[in-house]
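J.:
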Amino acid sequence: MEYKRMLKEAIETDGLQFCLDCLQEEAAELIVAINHLRRKRVDTRKVIEEMANVSLMLDMCKVGINDEIGFQNEINSKSKKIGESIKWKKQSLSKP
Numbered sequence: 001m002e003y004k005r006m007l008k009e010a011i012e013t014d015g016l017q018f019c020l021d022c023l024q025e026e027a028a029e030l031i032v033a034i035n036h037l038r039r040k041r042v043d044t045r046k047v048i049e050e051m052a053n054v055s056l057m058l059d060m061c062k063v064g065i066n067d068e069i070g071f072q073n074e075i076n077s078k079s080k081k082i083g084e085s086i087k088w089k090k091q092s093l094s095k096p
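Structure representation (C-alpha cells):
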C-alpha cells in the first residue's frame with residue numbers, strides 16, 4: 001500500500017485523537033530509549049526503532065491535521081533559525 005494512502009486510511013479508521021495519543025506515547029518511548037542509551041542499557045538500534053515510530057506517527061498526524069504546507073513552513077522557519085545559530089557559534093568560536 002502506498003505510504004500516504006496508508007496514513008490517510010489509518011486516520012480515517014482510528015481518528016486524529018488516537019493518532020495524537022500514539023504520537024505522545026511513542027515520543028515518551030523515544031525519550032526513555034535515549035536515556036537508556038546514555039546509560040549504555042540499550043544500543044543505538046533501540047533509539048532508531050523509536051525514532052522510526054515517532055516519525056511514522058508524526059507523518060500520520062500531519063495527514064490528520066491536514067496542514068502539511070503549514071508544517072513544512074514551520075520546519076523551514078526553524079531550520080533557518082538553527083542555521084543562523086550555527087553560523088553565530090562558529091563565528092564566536094573563531095574569534096581570538
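To convert, note that position 78 of the sequence shown is 78 in my numbering; the numbers rise steadily by one, no gaps.
Cβ atoms here follow ideal geometry from the backbone N, Cα and C, with glycine treated the same way.
Fair warning: this is a prediction, and the values are worked out from it, not measured in the lab.
1) How do the segment 54 to 70 and the segment 38 to 45 stand: do at least 3 beta-carbon pairs fall below 8 Å, yes or no?
2) Can you give the Cα-Cα distance for Glu26 and Lys89, rounded to whole angstroms?
3) Please look up how many angstroms separate the CB atoms of Val42 and Ala33, rounded, as I've assumed it's under 8 Å.
4) Exposed or buried, Glu12, counting other C-beta atoms within 10 Å across all chains shown (16 or more means buried)?
5) With a threshold of 8 Å on Cβ separation, who are the neighbours of Ser92 within its own chain once the five nearest residues in sequence on each side are excluded?
T.: In short:
1) Touching, no.
2) Inter-residue distance for Glu26 and Lys89 is about 32 Å (C-alpha atoms, whole angstroms).
3) A Cβ-Cβ distance of about 6 Å is found for the pair Val42 and Ala33, placing them in contact under the 8 Å criterion.
4) By the neighbour-count rule (16 or more Cβ atoms within 10 Å), Glu12 is not buried but exposed.
5) Within the same chain, no Cβ atom closer than 8 Å to the Cβ of Ser92 is found once the five residues on either side in sequence are excluded.
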